[in-house]
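Below is one structure, written out as structure tokens; comments come after it.
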Amino acid sequence: MRLSRFFMPILKENPKEAEIVSHRLMLRTGMVRQQSQGIYSWLPLGKKVLDKVNAIIREEQNRSGAIELLMPTLQSAELWQESGRYDDYGKEMLRIKDRQERPMLYGPTNEEMITDIFRSYIKSYKNLPLNLYHIQLKFRDEIRPRFGTMRSREFLMKDAYSFDLNKEAAIHAYNRMFAAYLRTFSRMGLRAIPMRADTGPIGGNHSHEFIILAETGESEVFSHRDFVNFDIPAEDTDFDDVAGLQAIFDKWTSVYAATSEMHDEAAFNAIPEGERLSARGIEVGHIFYFGTKYSEPMGAKVQGPDGKEHLVHMGSYGIGPTRLVPAIIEASHDENGIIWPAAVAPFDVVLINMKAGDAVCDAACERLYTALRNAGKDPLYDDTDDRAGTKFATADLIGVPVQVIAGPRGLANGEVELKDRKTGARETLTVEAALNKLVG
Ligand code: P5A
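Take any residue in the sequence shown, count from 1 to its spot, add 350: that is its number in the working numbering.
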């Protein structure tokens, strides 16, 4: 992408309304724009990052055996009356009437709708296990939307729903998601700690929140320091291996970790003092096993191997992509801006032409830009006529992992400079060597 043709409205000033660094940086870099309270547009730079986050989520959901579909944002109130949650959900639910005065709602979650899909088609245990997910907008009329897309009213959620014949099989489904979540967050450069959690309006009694440690986090968390050294499940993890997945779950839940709602002071104090971790964190995922809470009132049953009808055991599993983007920024930035982990960076490389209009600079940059694109890279080429200083500041601010700096002085010797955004390390290379290094 040529910056001169891109849409990336960088703000010169720090936006006053932003209280935390991720919100400030997302507004400054033109990643998002607030449209009304707690409702955001994702501008092109932000959309590119969000797409990368979603792609990782999808890959890991698919790897674990979950299957993608897409359900609507608007739901009929009837389904929620069946489960009994229509009245319980309270003011967080946005209720709407259509032209026939039929009560509708903007879905805050999809347990009812997926249970309805399930009961319409699945009648036999032979079609189980089943785990269906989608990545779709949700709406919760939060009292205090804040910190930009970290806690918004409209937000994106990956929500998966598992269906099994009995509790034992459902626990395996839960463990699959547990392992998939560890991999998902790790691939984004994050270390998420699973913590026993309260289940709120979703229900059930077996639940874990996945929490990223960050000073600006909304949750107060208490855990053992050991988590920092636990291994992430490997790419070739066998998601059908019941004992193997149980072992991963057991390992990751073997030491104390809980949010303030579930905190057990005595258990925490039993940890040697130097190994206690009391911090703040951001909840980026939340998984639930709730048995027959929805299948019972909604009549989702299958015929078992015994020929009898069984209510299906269910779980649901959420990740917040539009919260993950600011969470990644909270975990990875410096005073100059964002430092994207390569896996979610909006571009692979930023190519800085220090003197646009200079024949030598333009020719070298065009060559680099074309070669990078031909090699399947996604470079951002700063071909604008801004001052070099402005270009450096922008490149640092938007946090693309590698910068290639091409100026008249270096190019007189056929050389460009490579800068690593994270370490600040610079190296001078010939154009050819720089290309070899970047496309390797
Ligand atoms: C699990 C999937 C559920 O709704 N039903 C379907 C279950 N869980 S949850 O914990 O309430 O939400 C799942 C994840 O969604 C993100 N999230 C939010 N992101 C941004 N703004 C919000 N207001 C918001 N609320 C929830 C979180 O990442 C949460 O873990």
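Each residue gets a CB set at the ideal place from its N, CA and C atoms; glycine is no exception.
The alpha-carbon separation between residue 497 and residue 478 amounts to approximately 41 Å. The distance from the Cβ of residue 462 to that of residue 664 is about 11 Å, inconsistent with a contact at the 8 Å cut-off.
Rounded to the nearest angstrom, the gap between the Cα atoms of residue 605 and residue 576 is 8 Å. Between the ligand P5A and residue 694, a heavy atom-to-CB distance of less than 6 Å is absent.
Between residue 696 and residue 395 the beta-carbon gap is near 5 Å, inside 8 Å, which marks them as a contact. Counting every other CB atom within 10 Å of its CB across the protein chains shown gives residue 387 a total below 16, marking it as exposed. Rounded to whole angstroms, the Cβ separation of residue 522 and residue 544 is 17 Å, and the two are not in contact under 8 Å. In this structure residue 399 touches residue 675 by the C-beta definition: roughly 5 Å separates them, less than 8 Å. Membership of residue 401 in the alpha helix (DSSP H) is indicated by the continuous run 394-413. Cβ contact annotation for residue 679 (same chain, cutoff 6 Å, sequence separation greater than five): 372, 375 and 688, in chain order. DSSP places residue 704 outside both helix and strand once states are collapsed to three, so it counts as coil. Taking 6 Å as the cut-off, one finds no heavy atom of the ligand P5A near enough to the beta carbon of residue 438. Residue 433 counts as buried, since no fewer than 16 other beta carbons sit within 10 angstroms of its beta carbon.
Secondary structure at residue 560: strand, using DSSP grouped into helix, strand and coil. Taken atom to atom, the span from the alpha-carbon of residue 722 to that of residue 425 is near 46 Å. Secondary-structure assignment with DSSP links residue 636 through a beta bridge to 559 and 668. Looking at the backbone, the Cα of residue 746 and that of residue 771 are separated by about 7 Å. In this structure, the ligand P5A has a non-hydrogen atom nearer than 6 Å to the beta-carbon of residue 552. Secondary structure at residue 381: coil, using DSSP grouped into helix, strand and coil.
Residue 706 and residue 714 have their C-alpha atoms some 11 Å from each other. Boundaries of the beta strand (DSSP E) around residue 481: 480-489.
With respect to residue 631, residue 507 sits apart: the two C-beta atoms are not nearer than 7 Å.
Annotation: residue 500 is outside any alpha helix (DSSP H) and is labelled neither H nor E by DSSP.
Scanning its chain for C-beta atoms nearer than 7 Å, with the 5 sequence neighbours on each side dropped, one finds around residue 617 the residues 606, in chain order.
Bridge pairing for residue 445: 455 [DSSP].
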